[in-house]
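Worksheet: the structure to be examined is printed underneath.
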């Protein structure tokens, strides 16, 4: 939420899409919504059950939001190019929950790179195995 406040101070309405069967996505959107509403934003969330519903969920949001927030979600990740394409055409900036989303076109992200975490974990294991 702070990232949106800093980068997009004029934004008032945040849209988000999440997969209802993914507990991580549902939890992130619930927590994000609480924080955003506490900061004075209106959040419009659209739940989906599979990747084929992303386009219609986007269509229902894009005319009503100032910024899009994408939580860590497997369906969203698999169709991120669609999300970026549609939001770019609507001139809606996207804030992602992971650095990977930024690499795929989001304006910014507030999370970590899973690749980098895995890489650093591998380095730690190698040091351990080498007796360091």
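Residue numbers (full-length UniProt numbering): 1 to 132. Idealized CB from N, CA, C, for every residue including glycine.
Through-space distance from residue j to residue i, alpha-carbon basis
i, j, result
"residue 29", "residue 130", "41 Å"
"residue 36", "residue 62", "18 Å"
"residue 109", "residue 56", "24 Å"
"residue 68", "residue 89", "13 Å"
"residue 32", "residue 8", "16 Å"
"residue 20", "residue 60", "17 Å"
Residues near residue i in its chain [Cβ-Cβ closer than 8 Å; skip 5 each side]
i, result
"residue 64", "13, 15 and 44"
"residue 84", "94, 104, 105 and 106"
"residue 10", "66"
Residues near residue i in its chain [Cβ-Cβ closer than 6 Å; skip 5 each side]
i, result
"residue 42", "13"
"residue 79", "51 and 54"
"residue 58", "86"
"residue 1", "35, 36 and 39"
Burial state of residue i (16 or more Cβ within 10 Å)
i, result
"residue 72", "buried"
"residue 4", "buried"
"residue 126", "exposed"
"residue 96", "buried"
"residue 75", "buried"
"residue 70", "buried"
For residue j and residue i, believed in contact at Cβ under 8 Å, the rounded distance
i, j, result
"residue 17", "residue 46", "5 Å"
Sequence-distant residues of its chain with Cβ nearer than 7 Å to residue i (five each side left out)
i, result
"residue 121", "none"
"residue 26", "18 and 20"
Per DSSP, cross-strand counterpart(s) of residue i
i, result
"residue 70", "17 and 96"
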